[in-house]
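One structure is given below, encoded as structure tokens.
Chains as they are written, first to last, in the numbering used here: chain A, 3 to 430; chain B, 3 to 247.
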């Protein structure tokens, strides 16, 4: 339904899009993710024929966006960022205007309005001026205008920005509702919304597609699990095996690090900053193996006083951060070119697997080339630690790993390391 | 209804959603009334059944007051608030947007012109019976004013398309139209003959003067139409520029 092929866009010297390619199939709800300025809106504006690409082609519903902009626009319902509407018109007037512009006659318009009012929850506000509406209601009107002509394709640019959490949930609910029989491309930088509404996501960063596939697959991208282990710096556990064996001295940081590094499956150990009397380390382990029992056994054997041990689940957010931060690095680019796309696709969603999978691999190839080109000017501002931080992976819970990272160590006394966004947790 | 007319209709009606249009129209007509009847003795001392004063003051009033105010929001406001994106991604061609906007604004200016028709109606055919008016110069004068309005609105539209600030659009339109209207007066005092020729050629008031005398000169008609077409084309290009810039 939507096909972008090597779209490039330059604004003067700045490169906003760099060979962006993707495909959206009929009936898919696809999340279009990326940090601010990644090129989401630019892509959408090109797809809706508002601006022209500098290079590449795109087609919507089989119509080229450069050759037949009118045909494309007829089939698209588009909600630009922030839902810019004519504030001085009432909701009904505005929707009527859009219907007129789209060549709907009055009886069709009224028929359509019945369902739109219901889906978008506009019954109470039809007579109000748009200026007087809250953001949430404006977004509803924006959605309404995108639906007036019953389009097969919807392109929604950050439909939930500026909304309060309740309104966000509402809008996402509408989108799910609407998405049952339509193709939807939904841009946002709120990842929980994507997880709520979409089965597939395309992640763009600095004008490139860095990931494209079903959410599960994207979550599994980095292939690593992160563990955090914190032991006391000045005390040992009296009564432990090590204490009885004669270890009365608290461990030094090097000792702990070396011991942890020897555990099976650990690929990297790095010290985390702490501001209390503890050694804190993060370990990177392979996906699929859980080394918490080994860590526990080690600690008991050494007689250390364990303050915290947790295994970070890999959320979409982690992958997002990992993908969109250091994306110009060659090695990171390599990692993303996952060739198993097709297989996993088949497992997860058989019906769109063929096309999406094929598209996915195409993209990956493109990306590779891009990255090679861009390596010259790749800035190395992200260091390796940073990358590893993000690169943990798990299917457990969605948890904000990064938040915990930062303050994992100035923890006070809480437990339960599996809770979301908890203040730093420690276990005695 | 075609998209052009739909846009024009919306544009025209949106003028009346804010008090601005009312204020401008009312103040404009009140000022015109005072100037026409009382300024320098006004109509009464002229002792002639002529609307010459009307045709003398109206163009200036339109140029410096009404046209800049009416045209400043046309596209500048759409660009600033982002509604342009919404409008253009409807199935509409760029030139339909420009034309629709233009017709909407021109419609309002023509309504104001129409309102001034009350002068001759009241004075010469209606209640007052001030004498029999020569209808030739009247019709020619109004034809001139309509052409003039068409040209000035297109100039205003162009500047509104070029910027996304209403204030800038207003002031540039104000000064450009003001200059074009006053140029005829200054043209004679320009020392360089070549410049003088050019100035009097492009000045709006010199061309309107012949209409007010009842003389419809094809050169003047074509001049106003050319200015209109030129500015509309330029606006269209300026709007299209968004695609590439």
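All C-beta atoms in this analysis are idealised placements derived from N, C-alpha and C, irrespective of residue type, glycine included.
These numbers were taken from a predicted model, which means no experiment stands behind them.
Report all residues from its chain with a CB closer than 8 Å to the CB of residue i; omit the five preceding and five following residues, and keep chain order.
i: residue 159/B; result: 73, 76, 77, 100, 103, 104, 107, 233, 234 and 237
i: residue 318/A; result: 193, 196, 197, 203, 217, 220, 221 and 400
i: residue 204/B; result: 182 and 185
i: residue 124/A; result: 93, 118, 139, 142, 143 and 146
i: residue 36/A; result: 42, 189, 191, 205, 206, 207 and 326
i: residue 98/A; result: 111
i: residue 176/A; result: 121, 122, 123, 142 and 145
i: residue 7/B; result: 102 and 105
i: residue 162/A; result: 141, 169, 170, 173, 174, 190, 192 and 195
i: residue 61/B; result: 147, 150, 183, 206, 207 and 210
i: residue 293/A; result: 229, 265, 266, 267, 268, 285 and 287
i: residue 179/A; result: 121
i: residue 192/B; result: 198 and 201
Using the Cα positions of residue i and residue j, report the straight-line distance between them to the nearest angstrom.
i: residue 54/B; j: residue 9/B; result: 36 Å
i: residue 146/B; j: residue 218/B; result: 8 Å
i: residue 113/A; j: residue 4/A; result: 28 Å
i: residue 21/B; j: residue 186/B; result: 34 Å
i: residue 57/A; j: residue 190/A; result: 24 Å
i: residue 272/A; j: residue 322/A; result: 22 Å
i: residue 55/A; j: residue 95/B; result: 18 Å
i: residue 216/B; j: residue 77/A; result: 53 Å
i: residue 210/B; j: residue 12/B; result: 31 Å
i: residue 345/A; j: residue 213/A; result: Note on residue 345/A: pLDDT 42, under 50, position unreliable in the model; the coordinate value appears next. Residue 345/A and residue 213/A: Cα-Cα distance of roughly 16 Å.
i: residue 261/A; j: residue 239/A; result: 17 Å
i: residue 136/B; j: residue 114/B; result: 23 Å
i: residue 209/A; j: residue 84/A; result: 21 Å
i: residue 405/A; j: residue 164/A; result: Confidence at residue 405/A is low in this model, with a pLDDT of 41, below 50, so the placement of that residue is unreliable and no value is reported for it.
i: residue 148/B; j: residue 142/B; result: 10 Å
i: residue 85/B; j: residue 276/A; result: 51 Å
i: residue 24/B; j: residue 131/A; result: 19 Å
i: residue 246/A; j: residue 304/A; result: 10 Å
i: residue 126/A; j: residue 153/A; result: 24 Å
i: residue 38/B; j: residue 214/B; result: 15 Å
i: residue 45/B; j: residue 226/B; result: 29 Å
i: residue 202/B; j: residue 189/B; result: 6 Å
i: residue 199/B; j: residue 15/A; result: 44 Å
Please go through the same chain and pick out, in chain order, the residues whose beta-carbon is closer than 7 Å to the beta-carbon of residue i, but skip the five residues on each side of it.
i: residue 80/A; result: 50, 148 and 157
i: residue 67/A; result: 48, 49, 51, 60, 61 and 74
i: residue 26/A; result: 3, 4, 32, 185 and 187
i: residue 122/B; result: 53, 135 and 140
i: residue 30/B; result: 63, 67, 68 and 114
i: residue 125/B; result: 132
For residue i, collect the residues of the same chain with a Cβ closer than 6 Å to its Cβ; drop the 5 residues on either side in sequence, then sort them by chain order.
i: residue 101/A; result: 111 and 150
i: residue 128/A; result: 93 and 94
i: residue 281/A; result: 233, 235, 255 and 258
i: residue 12/A; result: 56
i: residue 5/B; result: 94 and 98
Mind checking residue i: buried by the 16 CB within 10 Å criterion, or exposed?
i: residue 306/A; result: buried
i: residue 166/A; result: exposed
i: residue 32/B; result: exposed
i: residue 116/A; result: exposed
i: residue 133/B; result: exposed
i: residue 65/A; result: buried
i: residue 159/A; result: buried
i: residue 17/B; result: buried
The ligand SAM and residue i: does the residue's C-beta get closer than 7 Å to at least one heavy atom of that ligand?
i: residue 75/A; result: Judged by which ligands are present, the structure shown has none, so any question about the ligand SAM falls away.
Identify every run of the alpha helix (DSSP H) within the stretch 75 to 132 of chain B, keeping only runs that are complete inside it and at least 4 residues long; order them along the chain.
Entirely contained in the stretch 75 to 132 of chain B, the alpha helix (DSSP H) runs reaching 4 residues are, in chain order, 78 to 83, 85 to 90 and 96 to 118.
Closer than 8 Å, Cβ to any Cβ of chain B: which residues of the stretch 110 to 138 of chain A, in chain order?
none
Within the stretch 180 to 234 of chain A, note down every full beta strand (DSSP E) run reaching 3 residues or more, in order along the chain.
185 to 190, 202 to 207 and 210 to 216
Contact list for the stretch 84 to 96 of chain B against chain A, Cβ threshold 9 Å
84, 85, 86, 87, 88, 89, 90, 91, 92, 93, 94 and 95
Going along the stretch 55 to 76 of chain A in order, which residues come within less than 7 Å of chain B, judged by CB to CB distance?
72, 75 and 76
What alpha helix (DSSP H) runs, 4 residues minimum, are completely inside the stretch 242 to 303 of chain A?
243 to 246 and 255 to 263
Please list, in chain order, the residues of the stretch 4 to 17 of chain B that have any C-beta partner in chain A closer than 7 Å.
Within the stretch 4 to 17 of chain B, those residues whose Cβ lies closer than 7 Å to any Cβ of chain A are, in chain order, 5, 8, 12 and 16.
Go through the stretch 58 to 134 of chain A residue by residue and report every complete run of the beta strand (DSSP E) that reaches 3 residues or more, in order.
Secondary structure in the stretch 58 to 134 of chain A: the beta strand (DSSP E) runs of 3 residues or longer, each lying completely within the stretch, are 78 to 81 in chain order.
Selection of the stretch 227 to 247 of chain B by Cβ proximity to chain A, strictly under 7 Å:
Listed in sequence order: 244, 245 and 246.
Between the stretch 18 to 50 of chain B and chain A, which residues of the former have CB atoms less than 8 Å from a CB of the latter, in chain order?
19 and 20
What residue ranges within the stretch 199 to 247 of chain B form continuous alpha helix (DSSP H) runs of no fewer than 4 residues, ordered along the chain?
Contiguous alpha helix (DSSP H) elements confined to the stretch 199 to 247 of chain B occur at 206 to 214 and 220 to 242, taking only those with 4 or more residues.
Got a sec: which bits of the stretch 191 to 223 of chain A sit with their beta carbon under 9 Å from any beta carbon on chain B, in order along the chain?
none
Could you run through the stretch 29 to 55 of chain A and flag, in chain order, every residue whose CB is less than 8 Å away from some CB of chain B?
47, 50, 51, 52, 53 and 54
Below 9 Å between beta carbons is the criterion; list the residues of the stretch 9 to 27 of chain A that meet it against any residue of chain B, in chain order.
13 and 14
Residues in the stretch 95 to 109 of chain A with C-beta within 7 Å of chain B's C-beta atoms, listed in sequence order?
From the stretch 95 to 109 of chain A, only 99, 100, 102, 103 and 104 have a Cβ closer than 7 Å to chain B.
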